Amino acid sequence: MNLKLSHYTEPLEGSITITGSKSESNRLLILQQFYKNIAIENLGESDDTAVMRTALSSLSEIVDVHHAGTAMRFLTAYFSIAQGRETVLTGSKRMKERPIKILVDALRLLGAEIEYMENEGFPPLKISGKKLTKDTIIINGSVSSQYISALLLIASSLENGLKLEFEGEVTSVPYIKMTLSLLSEIGIESVWEQNTITVKAKKTIENKLITVESDWSSASYYYSLVALSKGATLTLSSYKKTSLQGDAVLAEIYKSFGVKTTFNKNSITLTKVESRLQLQNISFDLSNAPDIAQTIAVTCFGLGLACHLKGLHTLKIKETDRLVALKTELEKFGAEILITDESLTLKAASIIKKNIKVETYNDHRMAMAFAPLLLKTNLEIEDAEVVSKSYPNFWLDIQKLTK
15 MNLKLSHYTE
25 PLEGSITITG
35 SKSESNRLLI
45 LQQFYKNIAI
55 ENLGESDDTA
65 VMRTALSSLS
75 EIVDVHHAGT
85 AMRFLTAYFS
95 IAQGRETVLT
105 GSKRMKERPI
115 KILVDALRLL
125 GAEIEYMENE
135 GFPPLKISGK
145 KLTKDTIIIN
155 GSVSSQYISA
165 LLLIASSLEN
175 GLKLEFEGEV
185 TSVPYIKMTL
195 SLLSEIGIES
205 VWEQNTITVK
215 AKKTIENKLI
225 TVESDWSSAS
235 YYYSLVALSK
245 GATLTLSSYK
255 KTSLQGDAVL
265 AEIYKSFGVK
275 TTFNKNSITL
285 TKVESRLQLQ
295 NISFDLSNAP
305 DIAQTIAVTC
315 FGLGLACHLK
325 GLHTLKIKET
335 DRLVALKTEL
345 EKFGAEILIT
355 DESLTLKAAS
365 IIKKNIKVET
375 YNDHRMAMAF
385 APLLLKTNLE
395 IEDAEVVSKS
405 YPNFWLDIQK
415 LTK
């Protein structure tokens, strides 16, 4: 389904409730398999979380995660310790192009039995679950945090716990800290000293109720809307001032674009204000929050600003190669943009072309990142329902604000 978005010029005002964080939800669902007395409130409603729940409840030998990258990584580790169970873990055509060798190699070092069924280093995988007794892994710190979190989530269920040693600089640190914080919240001990994380084994925990914070990545599109608006006051719930999510850095970043964030008891209010900062040389290192790169790039283009974004090396192995996709789609609107394997440089633009059709490449974030441009021009989003991957009600919520 394609969706045409009409140019909207009025001030924005309203309240939006955003579903629980996909990142927190999927981590907790894995932990709940080991510790059945974890209760979860405000669980995410994304496709990825639904896929995870279905996979974890399935007794089938073949488990298909479709486009859900988080599920692929976390379930690879989970099924590797499911003693006596043989599982074929597969996904979409794009999923079969997304590398998983680093995680498989790490699990094999622990003694896991995992075979590649088609291409070496890529899904689908044949996993023979077994008891893993080895307890030490050395892994490159610059890899996707999902590989590292996948290992940390099974760590306390291993007989001897897990010692994870990093080679090189660790990236996407907030997502690793999120995993460790959730472990701590349910009573599992871990220590991160210099280049080593140690997680202790734990067989049982006390009853625990955890409320999932709403998804900050989803909030990014409202930050973009407020930045591009002539005036706006939007309230988003449910959010915490002290967040486990790396994308909470939005509150600081978007000060540069004239967006003020007010933290309420269980929500945030975004207000358009006059920007107090000089916007001549916008540069952000998004190593710890790569999922908001698309949103920021579109915001800058919509405001006619130049920007340089770096730390984007993980974007090439997402639902699509997000750097190439961003370049292709922004250029349709008239942008001048340069990309490398880990950065994006956008030149300031004075003209935004009208009635452009945005291809989404099976990537939810492409659809949602470009949506705020409706405050600048008419546009059309191809395959608009792709947003269900992380935010099923996105278009309904946008319609509430712009009707």
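Residue numbers (the working numbering): 15 to 417. We put the CB at the ideal spot given by N, CA and C, even for glycine. Computed from a predicted structure; not experimentally measured.
- Scanning its chain for C-beta atoms nearer than 6 Å, with the 5 sequence neighbours on each side dropped, one finds around E343 the residues V372, in chain order.
- With contacts defined as CB atoms closer than 8 Å, G143 and I202 fail to qualify as a contacting pair.
- Annotated three-state conformation of D411 is helix, per DSSP.
- Setting aside the 5 residues that flank it on each side, L242 is surrounded in the same chain by T313, G316, L317, P386, L389 and K390, each with a C-beta closer than 7 Å to its C-beta; the list follows chain order.
- Cβ-Cβ separation between S297 and H327: approximately 17 Å, too far for a contact (criterion under 8 Å).
- Between I162 and I153, the CB-CB gap stays under 8 Å.
- Residue environment: N174 is assigned as exposed (fewer than 16 neighbouring CB atoms within 10 Å of its CB, all protein chains considered).
- Under the DSSP assignment, F277 falls in the beta strand (DSSP E) whose first and last residues are V273 to F277.
- If the five residues before and after F48 are omitted, its C-beta is found closer than 6 Å to the C-beta atoms of S171, all from its own chain and listed in chain order.
- By the neighbour-count criterion, in which 16 or more other beta carbons inside 10 Å mark a residue as buried, N295 falls on the exposed side.
- The C-beta distance from Y253 to S228 rounds to 6 Å, short enough to meet the 8 Å contact threshold.
- With respect to the 8 Å criterion, L197 and S204 are classified as neighbours on the basis of their beta carbons.
- If you check the CB distance, K145 and M131 do not come in under 8 Å.
- With fewer than 16 neighbouring CB atoms inside 10 Å of its own CB, T256 falls in the exposed class.
- In the structure shown, the three-state DSSP call for K255 is coil.
- Contact check for I306 against L250 fails: the beta carbons are separated by 8 Å or more.
- Around R122, the same chain offers I128 as residues with beta carbons nearer than 8 Å, after the five sequence neighbours per side are excluded.
- For V205, the enclosing beta strand (DSSP E) starts and ends at S204 to E207.
- Your pair H81 and K330 does not check out as a contact, with CB atoms roughly 16 Å apart and the cut at 8 Å.
- If you draw a straight line from the Cα of Q259 to the Cα of L248, it comes to about 20 Å.
- Check the Cα spacing between S232 and each of M15, H21, S37 and P25: the tightest is with S37.
- Residues T104 and G105 of the same chain have their beta carbon placed closer than 7 Å to that of D78, with the five preceding and five following residues left out of the count.
- Between the stretch 38–47 and the stretch 343–361, the count of Cβ pairs shorter than 8 Å is below three; the stretches do not touch.
- The beta carbon of K177 is closer than 7 Å to those of D149, T150, T210 and T212 in its chain, skipping five residues each way along the sequence.
- According to the DSSP assignment, T391 belongs to no beta strand (DSSP E), since it is labelled neither H nor E.
- Spatial neighbours of D261 in its own chain (CB-CB distance under 7 Å, excluding positions within 5 residues in sequence) are listed in chain order as W230, S231, S234, A303, D305 and I306.
- Spanning the alpha carbons of L26 and T416 requires a straight line of approximately 7 Å.
- Only residues of its own chain outside the window of five on either side were considered, and among them N40, R41, I44, M66, Q160, S163, A164 and L167 have a CB closer than 8 Å to the CB of F88, listed in chain order.
- Between N16 and V226, the C-beta spacing is not below 8 Å.
- Under a 10 Å Cβ-count criterion, F277 is classified as exposed, with fewer than 16 other Cβ atoms of the shown protein chains found around its own Cβ.
- Distance from A320 to A362 at the Cβ level is roughly 4 Å; contact confirmed, criterion being Cβ atoms closer than 8 Å.
- Its chain contains H378, A381, M382, F408 and W409 as the residues whose beta carbon lies nearer than 7 Å to that of V401, once the 5 sequence neighbours on both sides are disregarded; these appear in chain order.
- Put simply, of I219, V287 and I351 the residue whose alpha carbon is nearest the alpha carbon of K244 is V287.
- CA-to-CA, the gap between S60 and T31 works out to about 14 Å.
- The three-state secondary structure of I152, taken from DSSP, is strand.
- Straight across, the Cα-Cα distance linking E24 with K191 is about 40 Å.
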